[in-house]
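Take the sequence shown: its letter number 175 is residue 175 in full-length UniProt numbering, and every next letter is one higher.
Yeah, the Cβ is synthetic: ideal placement off N, Cα and C, and Gly gets one too.
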Amino acid sequence: MKDLKEFNIPFIGLKEGSHLFEYQIDNKFFEDFQFEDFNEANLKADVDFVKKNTLMEFSFTINGTVNVPCDTTNEPYNQEIDGSMKLVVKFGPEFNDEHDEILILPHEAYQINVAQYLYELIVLSVPTKRVHPDVLNGSMESEALKRLDELRIKENKTVEEEISTDPRWDKLKDLLTDK
């Protein structure tokens, strides 16, 4: 991963209070992470940064679309994604990111790079099963769907098999109705 300098937030010179940072994320962002699952990306990321006396709070919000292949038909489509995440940054003797929602920076740190957090939020906001909307509403025509339909297991029960029963059990049914 290259150093994404535009995602550095130098907090040492900022006043206490809330600050908003906005980023437009496209394919270049994912190329820097060597992530190639998205054909195209058009996302807006908002980072609400609240600086307090002893800690900092980040609220990440992303929304937009990523062009991904459908898991069923392999046809590309635009997947809408929305996501949010919170992060608390404290100061300590050394860097520690073992906890998902708390980051500890060394006392001498003067900036934080939020690119990794935005990347993780975007990738985790995409559904694990990606299905084209036309597949869901039944209007998709593709070779893959035709082939899947041909290979579907069909039930071969005849009407006679469902109606007829074993004659040995018929006598037991008579006992239930003889009361």
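Apart from sequence neighbours up to five positions away, the residues of its chain that approach isoleucine 112 with a beta-carbon distance below 6 Å are Ile9, ordered along the chain. Following the DSSP letters along the chain, one finds lysine 28 inside the alpha helix (DSSP H) bounded by residues 27–32. Setting aside the 5 residues that flank it on each side, phenylalanine 21 is surrounded in the same chain by Ile9, Val47 and Phe49, each with a C-beta closer than 7 Å to its C-beta; the list follows chain order. Burial state of leucine 151 is exposed, judged by a 10 Å Cβ sphere holding fewer than 16 other Cβ atoms.
Distance from valine 88 to leucine 55 at the Cβ level is roughly 6 Å; contact confirmed, criterion being Cβ atoms closer than 8 Å.
Here lysine 52 has Glu16 as same chain residues with Cβ atoms under 7 Å from its own Cβ, once five neighbours each way along the sequence are excluded.
For the pair of segments examined, the region 56–73 was found to touch the region 85–99: the number of CB pairs separated by less than 8 Å reaches three. Of the other Cβ atoms in all chains shown, 16 or more fall within 10 Å of the Cβ of tyrosine 77; this residue is therefore buried. Its Cα nearest to that of lysine 146, the residue Thr73 stands out among Leu43, Thr73 and Asn42. Of all C-beta pairs linking the region 120–136 to the region 60–70, three or more are shorter than 8 Å, placing the two stretches in contact.
By the criterion of a C-beta distance shorter than 6 Å, isoleucine 102 is surrounded in its chain by Val88, once the five residues flanking it on both sides are discounted.
Between the alpha carbons of tyrosine 117 and leucine 124 lies a gap of roughly 11 Å. Cβ atoms of isoleucine 104 and glycine 83 stay farther apart than 8 Å, at about 24 Å.
Glutamate 143 and asparagine 39 have their alpha carbons spaced roughly 21 Å apart. Here the alpha carbons of isoleucine 12 and isoleucine 25 stand approximately 25 Å from one another.
In the structure shown, phenylalanine 60 falls within a strand segment according to DSSP collapsed to helix, strand and coil. Secondary structure at aspartate 82: strand, using DSSP grouped into helix, strand and coil.
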